[in-house]
Structures are given as C-alpha cells and as structure tokens.
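In the numbering used here, the protein residues as written are 220 to 557. Written out below as structure tokens is the structure these notes cover.
Printed below as a string of structure tokens:
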C-alpha cells in the first residue's frame with residue numbers, strides 16, 4: 220500500500236481508503252463488515268471514511284466496533300456532518316451546518332465510533348441556509364476542542380471552497396480536502412475544482428472511482444443487470460448507477476478490457492488506478508461487501524499507467540465521459556430537509 224499526503228497537510232493517508240457507504244449497517248451483515256475492515260487492515264489500508272448519515276448512524280457504530288483493539292494513532296478516521304440522523308421526531312436544527320447541529324453531530328459521531336477524535340471532519344454538503352462564517356467557526360471550535368484534527372468538504376463548488384479556505388485561514392485551522400465523485404466516466408471536477416484545490420492546497424478524496432460498479436465490467440450491453448447488483452437495488456445506489464447504464468457506455472467499458480489486460484489488471488483495478496494518476500487525488504474511496512473484494516481492490520495501489528494507455532482510455536470512452544463543471548453545483552441542496 221502506498222501513502223499520500225492529504226493536500227498540503229502533514230497527514231499521510233493510504234491512497235486506497237476504505238469507505239462504508241451503502242454497506243455497513245445496511246446491506247452487509249455486521250460480521251461480514253468486520254471481516255472486510257480486518258481485510259483492509261491486513262492489506263495495509265489505514266484510512267477509513269464514513270458519515271453519520273450512513274445507515275442512520277449504524278455505519279459509524281459498525282466501523283468503530285470493527286476497529287476496537289487496533290492502535291488508534293496508527294489509523295486515520297474520517298466522518299461527515301450535514302444530513303439528519305437519529306430517531307424520529309427530528310427537530311428543525313437536526314440538519315445542515317449550523318453551530319447547534321455541528322456541535323451535537325460531532326459528539327454523536329464520536330460516541331458511535333467509540334473514539335475521542337476523528338482525523339478529518341467533513342461538511343457532507345454545502346449549507347446555503349447557514350452563514351458560512353458560522354459553519355467555519357464551529358469547525359474551528361471542534362478542532363480546538365481536540366475532537367477533529369483537520370476539516371474537509373464534500374461536493375462543494377470552487378466558489379464555496381475558496382470562501383471556506385479563506386475563512387479557515389483567518390481562523391487558524393486547516394481546510395485540507397474535498398470529497399467529490401470522480402471516475403473515468405464522471406470528470407466534472409477536472410476543469411475547475413482540481414485546479415482550484417491544487418492552488419489552495421486541498422487534496423481530493425474521491426468516491427465512486429468505479430462509477431458505482433459500472434467500470435468493473437459486470438454490466439453488459441443489451442442485458443439486464445445481475446440480480447442483487449447495485450443497479451437493481453433502489454435503496455442501495457440504483458439512482459447513482461442509472462446515468463451510466465446505457466448500451467453505449469457499457470459497450471465502451473467492455474472495450475477497456477484489453478487495456479487492463481496489458482497492465483495485468485482487472486477493469487475494476489484499472490478504474491481505481493486511473494483516478495490515482497491524478498496528482499491532486501490523495502485517495503480513492505473503495506467499499507466492499509466481501510473481504511475478497513478488498514484484496515482485489517488494493518492491487519490498484521502503486522500502479523503507473525503509461526501516457527499512451529491513458530490516451531487510449533480517453534479514445535475508448537469518447538463522449539461517454541461527463542465533464543461539465545456546471546454539474547458540480549447540482550450537489551448543493553436547494554431546500555431545507557426539516
């Protein structure tokens with residue numbers, strides 16, 4: 220396993236990071252989830268990403284339980300805040316990035332994880348209804364209380380990132396990361412977000428590097444998706460997969476196999492290795508529903524894809540690639556949830 224610095228910080232993280240969205244506490248039994256975490260540790264992964272909203276808090280609990288007994292200082296634990304979490308009825312302040320919600324949320328996350336601090340605390344979305352100054356002051360107070368070491372954002376626009384970075388600088392804290400969706404097929408961060416983050420010293424922790432499994436090659440053109448796959452699970456990510464489930468895209472993905480073969484990789488490993496060729500990417504977030512998947516995914520660490528093969532990948536995928544930077548702002552919620 221190779222490691223990279225997270226942005227301009229001194230924090231090193233495993234370039235393949237284990238994420239537990241859609242798996243822990245919901246789709247995967249707890250004993251299997253624990254086995255996956257242990258497989259990640261055995262493979263050299265030390266960085267784990269979760270969020271309070273995943274499985275309504277259960278994902279944090281499962282991860283914390285799986286990591287018990289492991290030396291905390293040798294791990295990097297990331298979580299997030301924004302969405303409402305907890306049993307009904309939820310109050311009006313149980314969502315967003317207000318000071319009230321953030322202070323309650325960090326304590327809830329630490330309790331579920333069974334830890335005293337997280338290494339990275341991330342704003343899961345931008346909150347248009349709370350002054351950014353209030354949000355950043357809350358982040359600063361959480362850091363100064365020792366409950367988080369660094370702060371990051373997820374799915375923020377370049378304007379939002381710039382403003383937050385300047386406020387963080389004034390408050391004396393480090394905004395070190397952005398967590399966007401990024402893959403061979405979904406490149407909307409390349410035109411603006413990546414250059415801005417390079418300039419400001421933020422690294423990317425990218426989710427869905429395999430485009431929700433599409434880049435594994437398991438979905439075939441002209442055929443229904445396999446039973447039990449993510450594309451058939453309306454509660455487990457089917458909406459995220461739909462944009463890629465066209466015969467044109469699936470045909471092009473199949474044409475990546477010869478390139479993967481040249482490198483001695485599977486198409487899934489090629490997809491993970493591809494995002495890691497971007498020098499602004501600090502880590503690729505990869506989940507697993509079986510320990511064997513972890514062992515396969517980590518083989519993408521340290522792979523160098525020659526320039527000529529990177530060019531061939533672009534030629535194969537052609538206009539199946541989405542790279543419109545205007546889509547970045549679509550992730551900002553436009554109304555309050557509560």
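Even glycine gets a Cβ: it sits at the ideal position worked out from N, Cα and C.
Collapsed DSSP secondary structure at residue i in the structure displayed
{"i": "residue 397", "result": "strand"}
{"i": "residue 358", "result": "helix"}
{"i": "residue 222", "result": "strand"}
{"i": "residue 300", "result": "strand"}
{"i": "residue 446", "result": "coil"}
Outcome for residue i when other beta-carbon atoms lying within 10 angstroms are tallied against a minimum of 16
{"i": "residue 499", "result": "buried"}
{"i": "residue 338", "result": "buried"}
{"i": "residue 227", "result": "exposed"}
{"i": "residue 293", "result": "exposed"}
{"i": "residue 504", "result": "buried"}
{"i": "residue 406", "result": "buried"}
{"i": "residue 276", "result": "buried"}
{"i": "residue 298", "result": "buried"}
{"i": "residue 436", "result": "buried"}
{"i": "residue 415", "result": "buried"}
{"i": "residue 306", "result": "exposed"}
{"i": "residue 529", "result": "exposed"}
{"i": "residue 444", "result": "buried"}
{"i": "residue 527", "result": "exposed"}
{"i": "residue 271", "result": "buried"}
{"i": "residue 534", "result": "exposed"}
{"i": "residue 239", "result": "buried"}
Neighbourhood of residue i by C-beta, 6 Å cutoff - its chain only, sequence neighbours within 5 removed
{"i": "residue 221", "result": "234, 520 and 521"}
{"i": "residue 252", "result": "243 and 281"}
{"i": "residue 358", "result": "370"}
{"i": "residue 481", "result": "none"}
{"i": "residue 248", "result": "none"}
{"i": "residue 400", "result": "426 and 427"}
{"i": "residue 349", "result": "315, 316 and 317"}
{"i": "residue 296", "result": "267, 337 and 338"}
Pair within 8 Å by beta-carbon distance, residue i and residue j
{"i": "residue 557", "j": "residue 311", "result": "yes"}
{"i": "residue 314", "j": "residue 268", "result": "no"}
{"i": "residue 502", "j": "residue 409", "result": "no"}
{"i": "residue 361", "j": "residue 321", "result": "yes"}
{"i": "residue 510", "j": "residue 258", "result": "yes"}
{"i": "residue 404", "j": "residue 430", "result": "yes"}
{"i": "residue 494", "j": "residue 402", "result": "yes"}
{"i": "residue 225", "j": "residue 422", "result": "yes"}
{"i": "residue 301", "j": "residue 363", "result": "no"}
{"i": "residue 336", "j": "residue 365", "result": "yes"}
{"i": "residue 524", "j": "residue 492", "result": "yes"}
Chain-order list of residues whose beta-carbon lies under 7 Å from that of residue i (same chain, five-residue window excluded)
{"i": "residue 351", "result": "382, 383 and 386"}
{"i": "residue 467", "result": "539"}
8 Å CB neighbourhood of residue i in its chain, flanking five on each side removed
{"i": "residue 319", "result": "312"}
{"i": "residue 309", "result": "303 and 557"}
{"i": "residue 553", "result": "347"}
- Item | Any beta strand (DSSP E) of 3 or more consecutive residues that is wholly inside the segment 466-540 | Within the segment 466-540, the runs of beta strand (DSSP E) that reach at least 3 residues and sit entirely inside it are, in chain order, 500-505.
- Task: Please list the segments of the beta strand (DSSP E) lying wholly inside the segment 309-352, counting only runs of 3 or more residues, in order along the chain.
- Result: Inside the segment 309-352, DSSP marks whole beta strand (DSSP E) runs of 3 or more residues at positions 337-342, from first to last along the chain.
- Query: Going along the chain, which unbroken runs of the alpha helix (DSSP H) with 4 or more residues stay wholly within the segment 227-296?
  - Reply: Those alpha helix (DSSP H) runs which fall completely within the segment 227-296 and span 4+ residues are 249-261 and 277-286.
- Can you list the alpha helix (DSSP H) stretches of 4 or more residues lying completely in the segment 358-394, in chain order? List check, alpha helix (DSSP H) in window: 377-390.
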